[in-house]
């Protein structure tokens, strides 16, 4: 029984996820220590110059930076495991409190962007695959290329400028409102950045859908269903799309994980207090505790999303369950 649990696919995936998180923790910790400057100067800015040697030594002992690197790493990791993500000297707030406030913003933005991407990408991919090399296919692929080629910062600044000039509406001037505080104002602020991110993600989803649908349409069971007189619309949605879902789910899971950490630029342009912006501020202010703990949280979410995606495969495709 114990052996079956240890060798089960879910256990192996969880073990692999934990190893990945440990690798991310080591990499982030070492990269931050490789930056020029010390943590005390970064935390206290110009005030650090006025510290006496005794005061600096006391602060180094308080932050633990007088210890060897390996001791610092495992002290930090042990604290993270118990829920202590550290303290921000600039914000005078624990990193856990900052993350609890920032994470829902990024999650909401990522979910909205994924919904928009799926609403654009899947129908467009199916439309392109329905007539390969026809006009609709070229239009669909053109939209896909535009989504891949237009940088998010350019699309975001253009949308902001057009919205402010043509409509007199600037979401950055509203003052941020959380979803549970003012849903209408929140959606007014979230819709534009979600469109920017969703348009970029719709492109790979569209191309993946097109390729997967074309492959499935050539399989024997689809030809058999067509020969039996199954209506085209039912054939397309029930037989073709269902069997083309695995690569689409894979791409969606990867893109969702990417959004959790990759929305930094969009959050900054639209002044959204999300977790990506928190990392950016932490890097600018060289707050090691903020950066390394927040990056680890983002990596953990990415791993969880990929784990859930793997489990979803097993639900969608019986062949994966049997493997």
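In the UniProt record's numbering, the protein residues as written are 1 to 323.
Positions of the beta carbon are idealized from the N, C-alpha and C atoms, including for glycine.
Note that the structure is predicted; figures quoted are calculated from it, not measured.
Assigned exposure category for residue i - 16 Cβ within 10 Å defines buried
| i | result |
| --- | --- |
| residue 142 | exposed |
| residue 149 | exposed |
| residue 341 | Only positions 1 to 323 of the chain appear in the structure, and residue 341 is not among them; the question remains open. |
| residue 237 | exposed |
| residue 282 | buried |
| residue 114 | buried |
| residue 138 | exposed |
| residue 78 | exposed |
Contact set for residue i: own chain, Cβ-Cβ below 7 angstroms, skip 5 residues either direction
| i | result |
| --- | --- |
| residue 39 | 63, 65, 288 |
| residue 253 | 305, 306, 309 |
| residue 265 | 152, 153 |
| residue 100 | none |
Through-space distance from residue j to residue i, alpha-carbon basis
| i | j | result |
| --- | --- | --- |
| residue 209 | residue 61 | 56 angstroms |
| residue 14 | residue 49 | 47 angstroms |
| residue 163 | residue 171 | 9 angstroms |
| residue 196 | residue 240 | 30 angstroms |
| residue 166 | residue 175 | 21 angstroms |
| residue 212 | residue 276 | 32 angstroms |
| residue 32 | residue 18 | 21 angstroms |
| residue 268 | residue 145 | 25 angstroms |
6 angstroms CB neighbourhood of residue i in its chain, flanking five on each side removed
| i | result |
| --- | --- |
| residue 272 | 105 |
| residue 24 | 299 |
| residue 301 | 260 |
| residue 122 | 209 |
| residue 103 | 275 |
Cβ-based neighbour list, residue i, same chain, cut-off 8 angstroms, excluding 5 preceding and 5 following
| i | result |
| --- | --- |
| residue 324 | There is simply no residue 324 to check, as the chain begins at 1 and stops at 323 in what is shown. |
| residue 217 | 129, 240 |
| residue 155 | 196, 199, 200 |
| residue 140 | 124, 125, 127, 128, 206, 210 |
| residue 110 | 197, 256, 259, 260, 263 |
| residue 20 | 299, 303 |
Beta bridge counterpart(s) of residue i as assigned by DSSP
| i | result |
| --- | --- |
| residue 236 | In DSSP, residue 236 forms no bridge with anything. |
Would you call the segment 262-281 and the segment 188-202 in contact, with 3 or more CB pairs under 8 angstroms? yes
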